[in-house]
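Read top to bottom, the protein sequences are chains A and D. Taking the working numbering, the leading residue of the first sequence gets 24, the next gets one more, and so forth. Taking the working numbering, the leading residue of the second sequence gets 2, the next gets one more, and so forth. Even for Gly, the Cβ is constructed at its ideal location relative to N, Cα and C. Structure first, then comments.
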Amino acid sequence: MKRPWVMTDGNEATAYVAYKINEVVAIYPITPASAMGEFADLWSARKDANLWGTVPLIQEMQAESGAAGAVHGALQTGALTTTFTASQGLLLMLPNMYKIAGELTSTVFHIAARSLAAQALSIFGDHSDVMAARSTGWAMLFANSVQEAQDFALIAQAATLEGRIPFLHVMDGFRTSHEVAKIERLADEDMRALIDDGAVHAHRARALTPERPIVRGTAQNPDVFFQARESANSYYDALPAIVEGVMKRFEERVGRSYHLFDYVGAPDAERVVVVMGSGAQTVDQTVRYLQGRGEKVGMVKVRLFRPFSAKHLLAALPESTRAIAVLDRTKEPGSAGEPLYQDVVTALSRAVTDGDAPMAAMPRVIGGRYGLSSKEFTPAMVSAIFQELTSPDPKNPFTIGIRDDVTQLSLDYDSELDIEPDSVTRAVFWGLGSDGTVGANKNSIKIIGEETDGYAQGYFVYDSKKAGARTISHLRFGPDPIDSSYLIGHANFVAVHQFGFFERVDVLANAAQGATLLINSPHTPDETWQHIPHPAQQQILDKGLNLYVINAYEVARELGLGNRINTIMQTCFFAISGVLPKDEAADRIKDAIRKTYGKRGEAVVRMNFAAVDAALSHLHPLPTPERSDGPDMPPVVPESAPDFVRTVTAEMIAGRGDDLAVSALPIDGTYPSATTRFEKRNLAQEVPVWDPEICIQCGKCVLVCPHAVIRAKVVEPAALEGAPQGFLSADNRWRELGDLRYTLQVSVEDCTGCSLCVEVCPAKDKSNVGHKAIDMAPQLPVKEQGKRNWDFFLDLPEYPRSDSLHFNTVKNVQLLEPLFEFSGACAGCGETPYLKLVSQLFGDRSVVANATGCSSIYGGNLPTTPWSKNREGRGPAWSNSLFEDNAEFGLGMRLTLDKQVQYAQELLRRLHTRISADSMRPPVDVEQYEPSGSASDLVTAILEAEQRDEGGIAAQRARVAELKRRLQGMDGSEARDLLSLAEVLVRRNVWIVGGDGWAYDIGYGGLDHVLASGRNINVLVLDTEVYSNTGGQASKATSLGAVAKFAAGGKRTPKKELGRIAMQYGYVYVAQVAMGANDAQTVRALREAESYDGPSLVIAYSHCIAHGIDMAKGMEQQKNATLSGYWPLYRYDPRLVAEGKNPFQLDSRAPKIPFSEYAMAENRYRMLRQTSPDEAEALMAEAQQSVTDRWAIYEWLAKGDPQPAAAAGGAPAGHGEEGAKR
Amino acid sequence: MNGAIDLSTRYLGLDLAHPLVPSASPLSQTLDGIRRMEDAGASAVVMYSLFEEQITQDSLSLDHYMSYGAESHAEALSYFPEPESYNVGPDGYLELIRDAKASVDIPIIGSLNGASPGGWTHYAKLIQEAGADALELNIYHVATDPSMTGDDVERLYLDVLRDVREMVTIPLAVKLSPYFSSMAHMAQRLARSGADGLVLFNRFYQPDFDLESLEVGPHLVLSDSDELRLPLRWIAILYGRIQTDFALTSGVHTHFDVLKGVMAGSAVTMLASELLKSGIWRITDILEDMKAWMTEREYASVAQMRGSMSQQNVTDAAAFERANYMRTLQSFRLDPTGLMV
């Protein structure tokens, strides 16, 4: 039968089958598995049917634990049910997985295997997650490629229905889940042929039904539990044969042959590698290469890892085997060896002992770790492993792919080894996320893969920043199937889509000799060469590269394409790569454009067609000059950077992190903060420029800048002596500040060009209203001056926090130093202004617990991190635990602080006399530490300190410094104890930060408990109303009528009202804020939250790229959200009850615009109108009703009588007398 | 007597029950709206305008927001689900014409505002294919380019009309603005280039200044009866001289306005602001009032009164010309403080 060949990735290939053969799907987003759930939701929204002609039911859950529970329940009631997950998500499913297996329930979970967070989180691929599930009793089937991911999704389902053991179907995260490859798509008939309806009926018959009631899930006692646990052994014994049988049936039907263990290589191999997952592809390729060179090598691909069939493994190994390397893509610290290694050793040892081994003597078996967190695994490494097996004393255990200079476990390898055949065209493209390079490349491989007989493969590498993200596309084209599951090391085509990359990374490192180099240059062809840095020029000469140049941005601008140079560059690629004949290529590209963009409208198609037509006339071959006389590469980080930044961080920034040796890295995941300032990314084409003549010094631009690149200071006029020429300042506009000079500066090298600042600037030139106090201007002409100004500005003294100004207004807050700067968040991010504000207000005494999500990625993803510190070295101490436990994590921090403060106070009291009477110390000038003068000595002053404002904090810091000075020389364990704890006597605050996915969904249970604890914590919810970090999946914060992933047909229920729920406790401070709607209220709410001696919750409207808005207008959208009544601003302050006041204060006015006016400015709402206009209209009406109804409730709350103390819940434990003054 | 009055009129070759036709407005954006207008007694409906620029804009903006931020970060390769199809382009508009034709009996007149030469003809053809009985070319052009001459502007109108005329067979009306140096000449050129009707006049929405924010904003004001006079004058002047139908639009709020329009020479009078302000059922009221007025004054038919007060037929033909202006100025009387009384 004829099956279509399609270009697809592992996620889609897997989801395609899973969707067809299930009835109920529980989903929850987690990288790299999210796309599987997204596909299922999308197909369900468009009413695609499964094998049985019915549309599967898709249910998003609040967490993976919830998904597992829902799956368990659905299975118990007889539905064919599945889910998709990875990493921590799988860990959250473990408890249910034991149950599901224990109950012999047929199901398959599809896993895009990913690292588990240990010393750090990583989104990339390895087997540590699935290995943590080994003991659950689930079968594990490993797919090595995209084709296998599809095939095994079916094989696993057929086997689980037959064998009753649940399956984990595992593919490698990213390497397989995200690799785009050409595969033969299974037909419905194939699936029907493999899935036995009888087994489906049997599954259904085992379900709970009141027609035939049974009890499952009992509690058992010592008398029977053990026996019961052993009762299902025969099912595990039978499963390998069942899987084998299904694979055989699959082969008969489809033609592809799989076995539990597949052997590849010389029949008389002496050295064998055992491996599973995508790495097996690489080993396979290398074995064939080495075999071709006469080496007696072979490999075993492990397909069915659990139940582990020793019999089948032994049958796969040649009798000639003398040495085996078992590779594990996981690490089990402290074990006798990693899991696969242990299983192989055990199997061999038993066989040898029992006399069942095929080989005469026990082979030597060594175990090695490779590929953790998607670390590259190449033929060169495989070759080195085979080489190691020839050694009389091979390393065991070993690692490969890194340089371990600490425990010396790593093997050396020849990174130059290239075994790929010449028939494969290998192309590498360096692009920016925003230029559309990846999308065009996906199109290119589709053109070859689906429109010709040729094969193609695409794999895409992204960096960890969101604004100005760099992308590297690795494309292979060839006449034969492509099974190289590693990055391209020797490219015969390299395209540099951003000229600036030449200055920052070695873009030619993987260019092969004689390769073609296509450059998008802002310079004319004649002038391009002189602008390429000298090292790159030298490589071009050394490697004899053929140069082509195009000014794609100019062409794009002329065509109205803005920054999107993708189609232009794609056309150039086809024109000079020779992958397709030139004319045919243009036609194919246009066909592809119509297919991809056709549904978005004719205008888009026309514009891209124009790009194809225009590209070639602007493409110029460039004769290679003879000399390399270009500029030097600028240093990666300044010479003045700290040692660690220069030696370690800089290497990561330069793209050489792979070469860092083990010893370079911290042993416990601890990194210095304040490192983004050393990574000057020069992203913005335009930056803000200040006009002091017009500026009213309101501070709004400083407040909204998401990247802390606009800052203000007031300084003594004398401090400006020696300022660089052109450094601007003005008389200050504060009544209290005398003749201090005001200056506003922009870090032009850190700016992302989002222009939020310009949008919020209220000061317009009276003679030319188009000119504001802040305008955008091209970066290049102001860059050098800007750098000089910035450096000078940073050295100017900060305004003293403890001076007379109160930081309760936006205007005053601008003078506070931000301790969160230059994050990798999206340009114009709506979240980071809040974090920056918190860091300004309280950052020098904050501990931050950050839920996983956008804020943990831009907040803590290497190489550089934005949490910063002030001149005294103080700043927020930041950590991320998990996604689900962040509130609890933060509470733990609070518990420590509370306990330590209490203990330190106890010690103070115990040492009171000694500290106060220490004659070796100068007498205490109490006045110096106690402005009120009421305390008689240092200890009393510390114990009774108010610490309510900056002055109080400064005074306490001075007291504690004096205390420490006195304790230094004091003997005794209590004195030493107090010395180690004294710093906690300065009031600290705990900020628990996360997005709505955390607060509304996965972390809600914990958040609720933490709020109820009554402890003094501050929760900041950065509410983007979707799971932004994983690409915009719906959360319970998503509003009615909005389209999001997992809500492709528009969300059907209104947003959860987290604030109102929290208010019910009566003793939780709650505020809802939107900086763009009322910045003063935001400042006020955060200050109140921090000052409240109990739990506080601030819910902050955060506009987001996932809303589909012009990010420059983010603040305006915030304002409209409030104007429409959708996002009321309010504060609920339990302290007001004591004053006999209503604790609830509504800070925004009655709706002035309809909800739709706000909503229709956002693609997430507009989209539904463009796909299902009638439904959109109905949902919009419902949404309006919901806004109106809710507004009525808030108005009622605002009018309400002061809440009686009883209703407020009284003082909870830990919130009364004892809890005061924490 | 009521039943005896013949209100029928003929516009763009279409036989209409009476001269009250709702002009392009949001009321025709839904099938329900069109049905309700028929129920209220409208004799035909001009659909809301299909704006080519809007279609292009929707399409480009959809593409922009679907792509923006995509393929940049490993965890978020996109931010929106990608549906199978979108309603961008003219499909919704055309579908509505088809539905309207299937569900109402009155003629449906399409309305098109093109942006490119290809766009005008392409969409005009589609509108014809969808079943529209006639098409109004809503040429909304603000001539801001100082290098563009009056002749250039006129040619732009004529080119659009000629291009579309070549592509479609249904009757064509041109809706235009009053800002021509020689309105009469322009009207004649359009009539000779194939316009079956002229719709006078398009109202330009004039932007306003917000003195608080120092911003220029759109300012949508519904018409009032005062605005009737400009089209009234021009139809009165052109009627009988230019061989084409006239539709009066802008300022039609009462039966008096309709009567004046017909007497000036309009085949139909179009209204939107009144319906938006007071409801679709105003059509019925106006019609009833009109009938009563005609009965009282013993008019037998609309045909009888059409053009009865056009420039050709009034005794003081100069009233439509400069004298009118002089007289108006002289008719002001001021009080001693200088205010008009």
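Under the Cβ criterion (8 Å, minimum of three pairs), the stretch 141-150 of chain A does not count as touching the stretch 230-241 of chain A. Close to chain A, meaning a Cβ-Cβ distance shorter than 9 Å, are the following residues of the stretch 63-75 of chain D: L63, D64, H65, Y66, M67, S68, Y69, G70, A71, E72, S73, H74, A75. Here A318 (chain D) is not bridged, per DSSP, to any residue. Taking C-beta separations shorter than 6 Å and ignoring five residues to either side along the sequence, the partners of Q561 (chain A) in its chain run S651, following chain order. In the three-state scheme derived from DSSP, where H, G and I count as helix and E and B as strand, L934 (chain A) is classed as coil.
Shown here, H641 (chain A) sits in a helix according to DSSP, grouped into three states.
Among the bridge pairs identified by DSSP, N791 (chain A) is matched with A:D788. At a cut-off of 8 Å, the C-beta of I56 (chain D) has a neighbouring C-beta in chain A. Comparing C-alpha distances from P362 (chain A) to each of A:R329, A:A338, A:L209, A:L177 shows the shortest one belongs to A:R329. A residue is called buried once 16 or more other Cβ atoms fall within 10 Å of its Cβ, and R137 (chain A) is buried on that count.
Neighbours of D59 (chain D) across chain A, judged by C-beta separation under 8 Å: G624, Q1193. Counting only runs of 3 or more residues that sit fully inside the stretch 87-150 of chain D, the beta strand (DSSP E) segments are 109-114, 135-139, in chain order.
For K736 (chain A), the CB contacts under 6 Å within the same chain, skipping 5 residues up- and downstream, are T766, L819 in chain order.
Cβ-Cβ separation between R623 (chain A) and Y87 (chain D): approximately 6 Å, consistent with a contact (criterion under 8 Å).
Here Y206 (chain D) is exposed, its C-beta having fewer than 16 other C-beta atoms within 10 Å. Residues of the stretch 1130-1152 of chain A whose Cβ lies closer than 7 Å to any Cβ of chain D, in chain order: G1131. Contact annotation for M1190 (chain A) against chain D: L63, Y66, M67, F81, P82, P84, Y87 [CB-CB distance below 9 Å, chain order]. Residue contact with chain D for A1206 (chain A): absent (no Cβ-Cβ distance below 8 Å to any residue of chain D). Flagged as an interface residue toward chain A: G93 (chain D), by a C-beta distance shorter than 8 Å. Residue range 269-272 is occupied by the beta strand (DSSP E) that includes L272 (chain D). Rounded to the nearest whole angstrom, the C-alpha separation of R587 (chain A) and G459 (chain A) is 6 Å. Every beta strand (DSSP E) stretch that sits fully inside the stretch 469-514 of chain A and reaches 3 residues is listed by chain position as 478-485, 493-501. Between the alpha carbons of E202 (chain A) and H74 (chain D) lies a distance of about 15 Å.
Taking CB atoms only, V572 (chain A) has no neighbour in chain D less than 8 Å away. Membership of N543 (chain A) in any alpha helix (DSSP H) is not indicated; the residue belongs instead to the beta strand (DSSP E) covering 534-543. Per DSSP, the unbroken alpha helix (DSSP H) holding P263 (chain A) starts and ends at 256-277.
Contact between T199 (chain A) and S301 (chain A) holds, since their C-beta atoms are separated by about 5 Å, short of 8 Å. In this structure, S129 (chain A) sits near R187 (chain A), with a CB-CB distance shorter than 8 Å. Within chain A, no C-beta atom comes less than 7 Å from the C-beta of A101 (chain D); the nearest is roughly 16 Å away.
Close partners of L78 (chain D) in chain A (Cβ separation under 7 Å): G1054. Interface annotation, G90 (chain D): in contact with chain A, CB-CB separation under 8 Å.
Contact between S1058 (chain A) and D1031 (chain A) does not hold, since their C-beta atoms are separated by about 16 Å, which reaches or exceeds 8 Å. Taking the beta carbon of L65 (chain A) as reference, the chain D residues within 7 Å of it are P82, listed in sequence order. For a cut-off of 8 Å, the C-beta gap from A45 (chain D) to I110 (chain D) is around 6 Å, short enough to register as a contact. P785 (chain A) counts as exposed, since fewer than 16 other C-beta atoms from the protein chains shown sit within 10 angstroms of its C-beta. For T1053 (chain A), there is no enclosing beta strand (DSSP E), as DSSP gives it neither H nor E.
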